[in-house]
Every structure is written in C-alpha cells, then in structure tokens.
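Shown next, in structure tokens, is the structure this report addresses.
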Amino acid sequence: MIRTFTCVLVSLFLCAAARASASPIARHVFIVSFDQGAPAGILKADMPVFKRMAEEGAHTWEAYTIVPSVTLPAHTSMLTGVGIQKHQVTWNDIDPEKSVVQVPTIFSIAKKSGLVTAMVVSKEKFRTLHQPGSLDAFILPSDPSSKSVAAAFAEMVGKLKPNLCFIHFGEPDVVGHAHGMFSPEKMRAFADSDDALGTVVKAITDAGLLDSSVIILTADHGGHDRSAEELAGMAKAGVPPQPGTHGSALPEDVTIPWVAWGTGVRQHFLITAPVVVYDTAATALWVLGIPVLESFWGRPVTSAFDRPPEG
Ligand SMILES: [Zn+2]
Ligand SMILES: [Zn+2]
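Residue 1258 in the working numbering sits at position 133 of the sequence shown, with consecutive numbering throughout.
See the structure below:
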C-alpha cells in the first residue's frame, strides 16, 4: 500500500517535472511596433539600437503584414494571431461606438495563464484591443512622441514587471504621412524612435528582467510616396497633400521588419522562413510557454530560437 502510494507520488512528481520541462523560453516578452516602419526606411535611418539588435539576434527584413496594410487591422492581427477575415476589425479610427475586438487577444490568453500584461501606446484606437480584464495596464501618454511612450514604459516596467507587453511608437507614421517616406523629417522620427527603443531596453535592464526577456521588433505596415500626379490631384481637390501613404498590397506597404532578440534567441541569424504579422502573436505565446490556440493563423517563428521549449 505504502509502495503503491509512493509510486503514485513519484509518478505525480515525474508528471509535474515533465510539465515543468515544457518550460517557457522566457518569462517576459516585449513587442515593440514601429508604426509605418518600412524596412527600406529603417535601413537608411540612423537607428543603431534597432540595427544592433537585428544583427545580434534573429531577423528578417522581408516579413509581411496583412492587406489592407493599415494600422488598426494590422496591429489586431499582430496581437490576436489571425487575419482580418477572422478578427473583423476592419476600421482604423477611434470611433468609441466600435466595440472591442471579439476574438481572443494574446493578452486575454496570457491573463488566463495568470500572467501580467501591459500596453503602452501612442494612438487612442488601441482601446479596440483592450478587452475587459485582459490588461494590468493600458497606458496612453498625452504626448504621443516615441520619447514619451518610452518614458511611460520605463516608469511602469520596474513596478509591474509585465510578462507580456506591447509598446507602440506612432511617430514614424505621423511624420511619414506629412513629409514622405524618406524625408529628413521621417529619418529624424526613426532616429528619435530608436533612442526611445534604447530607453526601453535600458528600462528592462534596470528592472532586472533582461536575462529572462525576449524583445520582438516589428511594424504594422510600411508605406510609399504618392506620385506627383496624385499630390497635384489632392491639391486641386483642396485636400492637404500628404506625401506618404499606405494601405495597399504594394511591396513597400506590406513588407515589415521582424527581429527577435534576447534569451534563447539564435544569434546572428537570418530568418529565411516566411514570417507574417500574425506570427508575432503565436511566437509571443510560445516563448512564454503558453499553448498557441488551434484557431490561430499565426505560427511561432521557431527557427529564430536555439532553445525551443520541450514537450
Ligand atoms: Zn500604422
Ligand atoms: Zn499611417
């Protein structure tokens, strides 16, 4: 009887050990999105932090976003793991009448596993992704600059120590629309956002989380410059001409960067497997040791990691 009981205990222990060995790659995942972060612009801009992390970690400059390549639908795919046909967030405005997304987000899924979740964003429309009870912190600084977003993140991260956190830099998008994709102003917005990324990494380090973190750098979409004819047409119609735009399936609009950096990430690795924006959601959960839902379209970018979880 005692022996049987001991056997049961031992098998229970082994079972628990087996579960524990299906361990997460990291305790913390930070997803940093550079709005309108076209790889061609990032490569041209003065962004030493982004480029160092891409070079040191695993990266591709040829990941893809969804069509339409616009902010809210694309970020919804990034953070729900499914395409627009499934998540149905087809709008891109801040209409308070529009309800929150109806499919699970990575935050609501992580919350079910008892993890701490947060979002620091520079656009109000991200409230669409804030399902009740899914976030421990939803931070929208009154100043939407990347510097301000990074400062708000730095203020929060040491206190909350989120397991899953999304950080959104909207500045490159606003400036890209107003001045064009490769304008000096856009290059400055990229450089400022890179400084802000430096602030984010330092804050994660200062919070003592760096050794247990994976940081993903990506974008919701790229963008392209309007033709002289289009701009002339806008001027003629009395619309303020906006040189930069996106939303189409043009390669410039749909190509995005995807970088993983941190613990368990393969070093100096060029990702050659296809990566789509909704793979970010699957990768974040997989890194945290949370099973990816069957309903996800996204798959973890396993090739970017040299320490895949067992089981
Ligand atoms: Zn955008
Ligand atoms: Zn835009």
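Glycine included, every Cβ here is placed at the ideal spot set by N, Cα and C.
1) Nearest by alpha-carbon distance to Ala1151: which of Gly1414, Leu1418 and Asp1404 is it?
2) Residues with a Cβ closer than 6 Å to any heavy atom of ligand 1, in chain order?
3) Does DSSP classify Glu1419 as helix, strand or coil?
4) Measuring only from the beta carbon, is His1184 closer than 7 Å to any heavy atom that is part of ligand 2?
5) Return the chain-ordered ranges of every alpha helix (DSSP H) run that is complete within the region 1149-1222 and spans a minimum of 4 residues.
6) Please state whether DSSP places Pro1399 in a helix, a strand or coil.
7) What are the boundary residues of the alpha helix (DSSP H) that Gly1323 is part of?
8) If you measure from the CB of His1302, is any heavy atom of ligand 2 nearer than 7 Å?
9) Confirm, please, whether the CB-CB distance from Phe1307 to Lys1169 is below 8 Å.
10) The alpha helix (DSSP H) spanning Thr1388 covers which residue range?
11) Return helix, strand or coil for Thr1405, following the three-state DSSP convention.
12) Would you check if the region 1311-1325 and the region 1291-1299 touch, i.e. whether three or more CB-CB distances between them fall below 8 Å?
13) According to DSSP, simplified to helix, strand and coil, what is Met1244?
14) Starting from Phe1278, trace the alpha helix (DSSP H) in both directions and tell me its first and last residue.
15) Is the beta carbon of Val1325 sitting closer than 8 Å to the one on Lys1286?
16) Taking a contact to mean a Cβ-Cβ separation below 8 Å, would you say His1302 touches Val1195 in this structure?
17) Counting Cβ pairs closer than 8 Å, one from the region 1385-1394 and one from the region 1355-1373, do we hit at least three?
18) Got a sec, what are the start and stop residues for the beta strand (DSSP E) Phe1294 sits in?
19) For the region 1394-1413 and the region 1318-1333, state whether three or more C-beta atom pairs, one from each stretch, are separated by less than 8 Å.
In brief:
1) Gly1414
2) Asp1160, Gln1161, Thr1196, Asp1298, Asp1345 and His1346
3) coil
4) no
5) 1164-1169, 1173-1181, 1196-1205 and 1209-1212
6) coil
7) Pro1309 to Asp1331
8) yes
9) yes
10) Segment: none, Thr1388 is in no alpha helix (DSSP H) and carries neither H nor E.
11) helix
12) yes
13) strand
14) Ser1271 to Leu1285
15) no
16) no
17) no
18) Leu1289 to Phe1294
19) no
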